[in-house]
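Peer 1: In our numbering, the protein residues as written are 417 to 578.
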Amino acid sequence: MVSPKKFATDSNIFYIGIPYQSTFDYIYFITPEIYDEIKHIKKNIDALDLLLTLGKVRLIDASKDNISKVRKKEIEVGQKRLSLADCSVIALGLQLNIPILSTDFSLVNLAKHLCLKTEIPGKKNFTMRTTMKYCSICKLFFTNSMEFCKECGNLLVIRRKI
Ligand SMILES: [Zn+2]
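(1) Between the alpha carbons of P420 and D481, how many angstroms are there, rounded?
(2) Closer than 7 Å by C-beta to F542: which residues in its own chain qualify, once you throw out the five before and the five after it? Chain order, please.
(3) Where S427 and E449 are concerned, what is the direct C-alpha to C-alpha distance, given to the nearest angstrom?
(4) Answer with buried or exposed for Y431, where buried requires no fewer than 16 other C-beta atoms within 10 angstroms of its C-beta.
(5) For G509, is the classification buried or exposed, using 16 other Cβ atoms within 10 angstroms of its Cβ as the cut-off for buried?
(6) Since T547 contacts G494 with CB under 8 Å, what's their CB separation in whole angstroms?
(7) Give me whichever residues DSSP pairs with F440 in a beta bridge.
Spelled out as structure tokens, the structure:
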């Protein structure tokens with residue numbers, strides 16, 4: 417018996433139909449927030465309920481603790497704030513110690529910063545992005561908590577660090 421491949425799954429994976437087509441050794445864990453997003457796709461609602469009944473899709477709450485770990489990392493990395501649903505996917509990955517399955521680069525990027533395994537259908541090379549504050553006059557990078565340049569007082573902007 418092959419051990420099942422488990423994923424914390426984003427709604428976009430359901431939009432492209434992957435869980436409805438894959439074999440039974442794949443198990444897709446979702447949060448109630450993600451369920452709310454995907455149940456709006458009317459044509460797939462019966463299929464979704466069937467997958468839930470069969471245990472191929474499993475609904476689990478992400479704990480508040482894990483949600484706040486994700487939010488903390490989000491600030492640390494200096495990334496744009498994710499929706500609660502996106503945030504819950506990463507939190508569930510942490511909670512169950514399983515990879516993240518999503519096509520959303522911001523979500524996957526943050527998950528990588530939390531040392532989670534990630535899978536983006538169709539993408540082979542995915543590199544991590546980090547943003548920092550930057551002074552365009554001095555050409556210097558600062559931490560994300562800084563608002564003004566320490567050298568010249570110029571207002572800092574968010575810039576991707578290569
Ligand atoms: Zn400066």
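Don't be surprised by glycine CBs; every beta carbon is placed ideally from N, CA and C. Please read these numbers as outputs of a predicted model, since none were measured by experiment.
Peer 2: According to the data block:
(1) As a first step, residue 420 is located in the sequence shown; it is residue number 4 there, counting from the start. As a first step, residue 481 is located in the sequence shown; it is residue number 65 there, counting from the start. Cα to Cα, P420 sits roughly 27 Å from D481.
(2) For this step, residue 542 is matched to residue 126 along the sequence shown. Note that F542 has pLDDT 49, beneath the 50 cutoff, so the model's placement of it is unreliable and the number below is only indicative. Closer than 7 Å at Cβ, skipping near neighbours: V524, I536.
(3) Within the sequence shown, the letter at position 11 stands for residue 427. Within the sequence shown, the letter at position 33 stands for residue 449. Distance between the alpha carbons of S427 and E449 is about 9 Å.
(4) Stepping through the sequence shown from its first residue, residue 431 is reached at position 15. The residue in question, Y431, is exposed, as its Cβ has fewer than 16 Cβ neighbours within 10 Å.
(5) Looking up residue 509 in the sequence shown gives position 93. Counting Cβ neighbours within 10 Å, G509 comes out buried, since at least 16 surround it.
(6) Numbered from 1 along the sequence shown, position 131 holds the residue referred to as residue 547. Numbered from 1 along the sequence shown, position 78 holds the residue referred to as residue 494. So it is a contact: roughly 4 Å between Cβ atoms.
(7) By one-based count along the sequence shown, residue 440 stands at place 24. Its beta-bridge partners do not exist; DSSP assigns none.
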